Amino acid sequence: MNKTLFLIQVILFLSCNNQNKNKVPKEIISKHKIQKTETSKVTTKFKIVFDSKQVSNYKVKKSETEFIKIMFKKISEYSYSELQNLTKYRRLTLSIIVPSDISKSSLENTMKSIVYDTTKQNEDIDEIIIFAYDNKNDIDNGFTFGKLLWTQKGEQGNITPYIVWENIRDNYDFNISIKNKVGNINKTNLPTKRELEIYSEIVNENGQYNGKSEEQIRKIIMKKYKINSNNEYDSIYLKVGVYKIF
Numbered sequence: 012m013n014k015t016l017f018l019i020q021v022i023l024f025l026s027c028n029n030q031n032k033n034k035v036p037k038e039i040i041s042k043h044k045i046q047k048t049e050t051s052k053v054t055t056k057f058k059i060v061f062d063s064k065q066v067s068n069y070k071v072k073k074s075e076t077e078f079i080k081i082m083f084k085k086i087s088e089y090s091y092s093e094l095q096n097l098t099k100y101r102r103l104t105l106s107i108i109v110p111s112d113i114s115k116s117s118l119e120n121t122m123k124s125i126v127y128d129t130t131k132q133n134e135d136i137d138e139i140i141i142f143a144y145d146n147k148n149d150i151d152n153g154f155t156f157g158k159l160l161w162t163q164k165g166e167q168g169n170i171t172p173y174i175v176w177e178n179i180r181d182n183y184d185f186n187i188s189i190k191n192k193v194g195n196i197n198k199t200n201l202p203t204k205r206e207l208e209i210y211s212e213i214v215n216e217n218g219q220y221n222g223k224s225e226e227q228i229r230k231i232i233m234k235k236y237k238i239n240s241n242n243e244y245d246s247i248y249l250k251v252g253v254y255k256i257f
């Protein structure tokens, strides 16, 4: 009888041990669920899609990097120490020169490709602005061909410290402006090198005529470039001016 009781106790003991071995602790199950939930929250980064076949030749003539403080209230409402500790985002501004006969589609894809290549090389760039021109003398005077902005939601002022810290690009988008003339330029409306030089002097781009009146400038330029009449002078000014603006 005692032997029978002893045998039953041994069987029960072994059975309990086997159950414990097969039992997964609650904390492990809970941890697995958390990991699974966190994984499901991961979002896909913004993809920069462009047609590589439509990427044109271009030259970067100017590159400027700025570090801009992220503020959510007026600067006067911050203390000195708060201003010193504000998170900064990195903005890259590029001025590029493209062919005069580039199409709208080609210009758009070219600018997108620049963003793709740039961010691939440096993931810490938080915002990119590209100004496109066909003449280097127009740089810093507003874009003459196109402009691209790549930033959070495609609008400036949406970058947060968290976006900067974690390099989050999920909601990034392009904001692109292209002049109507791009892809529609008639060769007769395209300014010649001589006309561009004359226009540059008329508007005194290099400041060589500072202190002189318009009439004095007109006489100097007409003599220098052998312009025969005031009508020719005015026509050159109008032709180049319209080309640059529109």
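Heads up: the sequence shown runs through residues 12 to 257, numbered per my numbering.
Here a beta-carbon is modelled for each residue, glycine too, at the ideal position from N, C-alpha and C.
Owing to the predicted nature of the structure, the values given are computational and were not obtained by experimental measurement.
State the Cα-Cα distance for the pair residue i and residue j, rounded to the nearest angstrom.
i: Leu103; j: Ile139; result: 5 Å
i: Thr162; j: Glu177; result: 15 Å
i: Asn29; j: Asn169; result: The predicted position of Asn29 is uncertain, since its pLDDT is 45 and thus under 50; a value taken from the coordinates is nonetheless stated next. Taking the straight line joining both Cα atoms gives about 58 Å.
i: Asp149; j: Leu105; result: 13 Å
i: Lys147; j: Leu249; result: 20 Å
i: Asn96; j: Phe57; result: 29 Å
i: Asn120; j: Asn241; result: 42 Å
i: Ile141; j: Asp184; result: 14 Å
i: Ile189; j: Asp145; result: 13 Å
i: Ile59; j: Lys85; result: 34 Å
i: Thr55; j: Tyr127; result: With a pLDDT of 47 at Thr55, under the threshold of 50, the modelled position of that residue is not reliable, and the figure given next carries that caveat. Spanning the two alpha carbons is a distance of roughly 16 Å.
i: Lys173; j: Ile179; result: One detail in the question is off: residue 173 reads as Tyr in this sequence, not Lys. In a straight line, the C-alpha of Tyr173 is about 8 Å away from that of Ile179.
For the alpha helix (DSSP H) containing residue i, list its first residue and its last residue.
i: Ser74; result: Not the alpha helix (DSSP H): Ser74 falls in the beta strand (DSSP E), residues Lys70 to Lys80.
i: Leu207; result: Lys204 to Ile213
i: Arg229; result: Glu225 to Lys235
i: Leu249; result: Asn241 to Ile256
What are the boundary residues of the beta strand (DSSP E) that residue i is part of?
i: Tyr183; result: Tyr183 to Ile189
i: Ser90; result: Here Ser90 belongs to no beta strand (DSSP E), and DSSP marks it neither H nor E.
Tell me the DSSP secondary structure of residue i in three-state form.
i: Tyr144; result: strand
i: Gln163; result: strand
i: Ser116; result: helix
i: Gly153; result: coil
i: Lys99; result: strand
i: Glu138; result: strand
i: Lys123; result: helix
I'd like to know whether the C-beta atoms of residue i and residue j end up nearer to each other than 8 Å.
i: Ile209; j: Tyr236; result: yes
i: Asn182; j: Lys204; result: no
i: Ile125; j: Lys70; result: no
i: Ile228; j: Asn215; result: yes
List the whole-angstrom C-beta distance separating residue i from residue j, where the pair is believed to meet the contact cut-off of C-beta under 8 Å.
i: Thr98; j: Val175; result: 6 Å
i: Val193; j: Ile113; result: 7 Å
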